[in-house]
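> Chains as they are written, first to last, in my numbering: chain A, 12 to 489; chain B, 779 to 1052. Using N, Cα and C, we set each Cβ at its ideal position, and we do this for glycine too.
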Ligand SMILES: Cc1cc2nc3c(=O)[nH]c(=O)nc-3n(C[C@H](O)[C@H](O)[C@H](O)COP(=O)(O)OP(=O)(O)OC[C@H]3O[C@@H](n4cnc5c(N)ncnc54)[C@H](O)[C@@H]3O)c2cc1C
Ligand SMILES: Cc1cc2nc3c(=O)[nH]c(=O)nc-3n(C[C@H](O)[C@H](O)[C@H](O)COP(=O)(O)OP(=O)(O)OC[C@H]3O[C@@H](n4cnc5c(N)ncnc54)[C@H](O)[C@@H]3O)c2cc1C
Ligand code: SF4
Ligand code: SF4
Ligand code: FES
């Protein structure tokens, strides 16, 4: 096919290319990734759909401003290496973002092709293309590593190895500074490893990205809970010239319902950590157990709730109910995730809300009492407020319950470093552009600043912080 | 990787290990714990830091073999390494000059009670320690506790050593003898801590207990370790492990730590059959 000769009209006629994926009946019996990814042919076909708009509207939807039309053009021309190079100029983790970015609300939302078809779903599949070239690079030899400047002798401590921390580490290391990443857990990646399940983001990808960082000379120290083993001030005493705090929003919210501490009641963090980080999927091959569930209720309607519900199915549950207090349309989860959950057999109990958790005499959860809801006037968030319908309570028999209603910021660092200013939700307050905190030499970014947000927003803040850290180390000016 | 530099069995299912961990040794305070993973497939388990030497750079752990992980740990030899070790975790014991403090250690709980007794003594308190075990060989660290206390009282359930009876009997006797007690610190099986707290509540003696819930991360991220304290949910790993014994819902906690019994048994049986 001669790509150059397609007219915009012809390009608009090409339908969005679907990624082949595992059959739902099959995939609930394994933890392998659901979509297989594009083939070269599919990728080039999809790339042909891009109109190469002069004003590049899609870029403004991308928090790290990838030059989207350029990388797509390179794919259309079959120049995959060049394509990855363009992406990596601003995004060091394309294999991850291509998989987990909410593209329909970001880059793809602004795509002219989607607009012409009056459907975001028909936009150029930017994320899938990004994933394709990133995977291509991993399959085809060594990932290209950025050049590292001559050593400056300056040292930077990065606290937390989630997407924010990893981004900072790479971008600061490039300038020739020494970087040590301190991670509380025994593996890197933050939510990418302990939260987002294997079937959505294979852990090998995250590990490979961290290996690349190590090859760049970044040191990663696991099992290092900052605030406990060293305070931030002690890091400065140890000779670090700047500190980046990217500790995430890892504090699980509960509903404060009666019975919430019954056996069988989990926070989504615990449930997913057991399954992913600790590989309870393979128990008793591995040592960490999780519930042997038959009937599971998940409370919530976001990505975390979908991940929990789909994980429960894979761990062998027969019935998985997803209880959400608004309707499907209001669910904050990505459309693709909701569709995947639906196809796999998650049962959606919409416009319902748990009010009481009922236990047996041994302290195990046996039922959840829910109440039906109706939608009233829109609230502050613009979504219609759910109102309980009096007298509509009913009970469902369950043996496991997963609370997936969000996370708050981890208080460990703010608690032990009172001179870092936080707001009333416990998030660290920073300058929007430089990510500087109220404490000299300390920068912060990602979920600890934004509250629970997204991978790419965390990376975007990491980039800003890195620029500011490099500048600070050069000029010494705060 | 943290190297094991000493190991000894105290009884057939109780052992003590010294592990290289210079930074933790320097930083740890009484009441804090570590989380370790023995090997690649291992789970994360918490153990209290029973002792440490900041100059020599080691910490001591005392563990009872109750399941697979503690069994595997006990099989490691001097020179072997523990794959992951994170700490010091949890809040340190609040030390101040209370006056007379009774430190109660039950069974393996004597190990974590030891640094608390030491710190209370250093903090200018008179320390009476009560050590309890089911039988003589389960009363551990007697010499260390003697060094850290003004008085040591020993009880065994079967009367094979010290006074026959429970630690609560010894505590009751102190109270009956008119010994004025400003604070009780109890570390041991939940059932022991429950009854100690019940007794001291009656006499309105302030009581601190150190809880051993199931944990995963130990950093406040998962909520697995939660307990009800005075009607509020608290996370033992970050808010504790020490709490006001009069406010802890021990019954709920005792149920929660039974949560994985069948799986734990499966893991152990499988391991023993291999
Ligand atoms: C189940 C789940 C699914 C999600 N799905 C998506 C999705 O599909 N798409 C998307 O864009 N976003 C998703 N998110 C959100 C996204 O993962 C987060 O916004 C993102 O990971 C935040 O990155 P971060 O670097 O700020 O922090 P995190 O990823 O939370 O990493 C923080 C790291 O810091 C470590 N740490 C914490 N405290 C300390 C300390 N004191 N010392 C040392 N280390 C410390 C933690 O152990 C952790 O490794 C999901 C979140 C969850 C929980
Ligand atoms: C803060 C704290 C300090 C502790 N200090 C000590 C100590 O100094 N010495 C000591 O011998 N024990 C201590 N424990 C208990 C110790 O962690 C458990 O005995 C150990 O985890 C059992 O693991 P296992 O695989 O051998 O047994 P398993 O077969 O897994 O479990 C046996 C029992 O141990 C408990 N348990 C299981 N998994 C965990 C887990 N991940 N975290 C906590 N408890 C669990 C449960 O009650 C379970 O019924 C402490 C616990 C806590 C929370
Ligand atoms: S990083 Fe995310 S938002 Fe940016 S182009 Fe890629 S998929 Fe779109
Ligand atoms: S808006 Fe869409 S069509 Fe236009 S350049 Fe961006 S991706 Fe291509
Ligand atoms: S062990 Fe996870 S929050 Fe305490």
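(1) How big is the Cα-Cα spacing for residue 927 of chain B and residue 1036 of chain B?
(2) Thinking residue 381 of chain A and residue 276 of chain A are a contact (beta carbons under 8 Å), I'd like their distance in whole angstroms, please.
(3) What residues from the region 210–235 of chain A come within 9 Å of chain B, judged by C-beta to C-beta, listed N to C?
(4) Taking the alpha helix (DSSP H) that residue 280 of chain A falls in, what are its first and last residues?
(5) With contact counted as at least three CB pairs below 8 Å, one residue from each stretch, are the region 293–312 of chain A and the region 174–193 of chain A in contact?
(6) So, at 8 Å on beta carbons, what are the nonlocal neighbours of residue 67 of chain A in its own chain, with the 5 sequence-adjacent residues on each side left out?
(7) Can you say whether residue 326 of chain A is buried or exposed, counting buried as having 16 or more other CB atoms within 10 angstroms of its CB?
(8) Use the C-beta contact count for residue 24 of chain A: other C-beta atoms within 10 angstroms, 16 or more gives buried, fewer gives exposed.
(9) DSSP has residue 267 of chain A in a bridge; who is on the other side?
(10) What's the C-alpha gap between residue 471 of chain A and residue 816 of chain B?
(11) Taking 8 Å as the CB-CB limit, is residue 247 of chain A close to chain B?
(12) Name the chain A residues whose beta carbon is nearer than 7 Å to that of residue 1015 of chain B?
(13) Check the DSSP bridge columns for residue 842 of chain B and list the partner residues they point to.
(14) Tell me whether residue 1020 of chain B sits in a helix, a strand or coil according to DSSP, three-state version.
(15) On the three-state DSSP scale, how would you describe residue 66 of chain A?
(16) Grab me the residues of residue 54 of chain A's own chain with a C-beta within less than 7 Å of its C-beta, minus the 5 sequence neighbours each way, in chain order.
(17) The beta strand (DSSP E) that contains residue 379 of chain A, what's its start and end?
(18) Using a Cβ-Cβ cut-off of less than 8 Å, list which residues of the region 1037–1050 of chain B approach chain A; keep chain order.
(19) Taking 6 Å as the limit between beta carbons, can you name the residues of its chain near residue 964 of chain B, skipping five residues before and five after?
(20) Indicate, with yes or no, if ligand 1 has a heavy atom lying under 7 Å from the CB of residue 179 of chain A.
(21) Using beta carbons (cut-off 8 Å, strictly below), is residue 478 of chain A in contact with chain B?
(22) So is residue 724 of chain B in contact with chain A if we call contact Cβ pairs under 8 Å?
(23) Can you give the Cα-Cα distance for residue 173 of chain A and residue 199 of chain A, rounded to whole angstroms?
(24) Could you tell me the distance, in whole angstroms, from the CA atom of residue 243 of chain A to the CA atom of residue 252 of chain A?
(25) Is there a Cβ of chain B sitting closer than 8 Å to that of residue 367 of chain A, yes or no?
(26) Is the shortest distance between the beta-carbon of residue 875 of chain B and the beta-carbons of chain A less than 8 Å?
(27) Go through its chain and collect everything with a Cβ distance to residue 408 of chain A's Cβ below 8 Å, but skip five positions before and after it.
(28) Please say whether residue 417 of chain A and residue 264 of chain A have beta carbons closer to each other than 8 Å?
(29) Let me check you understand the geometry: is the CB of residue 813 of chain B closer than 7 Å to at least one non-hydrogen atom of ligand 4?
(30) When you compare the CB positions of residue 966 of chain B and residue 885 of chain B, do they come within less than 8 Å of one another, or not?
So, from the listed chains and residues:
(1) Straight across, the Cα-Cα distance linking residue 927 of chain B with residue 1036 of chain B is about 34 Å.
(2) About 15 Å; that fails the 8 Å criterion.
(3) Cβ proximity to chain B below 9 Å picks out 233, 234 and 235 from the region 210–235 of chain A.
(4) It spans 279–286 - the alpha helix (DSSP H) in which residue 280 of chain A sits, taken as one unbroken run.
(5) no
(6) 78, 79 and 80
(7) buried
(8) exposed
(9) DSSP lists no partner for residue 267 of chain A.
(10) 37 Å
(11) no
(12) Going along chain A, no residue has its Cβ under 7 Å from residue 1015 of chain B, so there is no contact; the nearest lies around 10 Å.
(13) The beta-bridge partner set that DSSP reports for residue 842 of chain B consists of B:792.
(14) strand
(15) coil
(16) 86, 140 and 143
(17) 376–389
(18) Of all residues in the region 1037–1050 of chain B, 1037, 1038, 1040, 1041, 1042, 1044, 1045 and 1048 have a Cβ within less than 8 Å of some Cβ in chain A.
(19) 882, 971, 974 and 987
(20) no
(21) Interface criterion not met: the Cβ of residue 478 of chain A is under 8 Å from no Cβ in chain B.
(22) Summary: the structure shown does not reach residue 724 of chain B, with chain B confined to residues 779 through 1052, and so no result is reported for it.
(23) In a straight line, the C-alpha of residue 173 of chain A is about 7 Å away from that of residue 199 of chain A.
(24) 11 Å
(25) no
(26) False, the Cβ-Cβ gap to chain A never drops below 8 Å.
(27) 306, 377 and 378
(28) yes
(29) no
(30) yes
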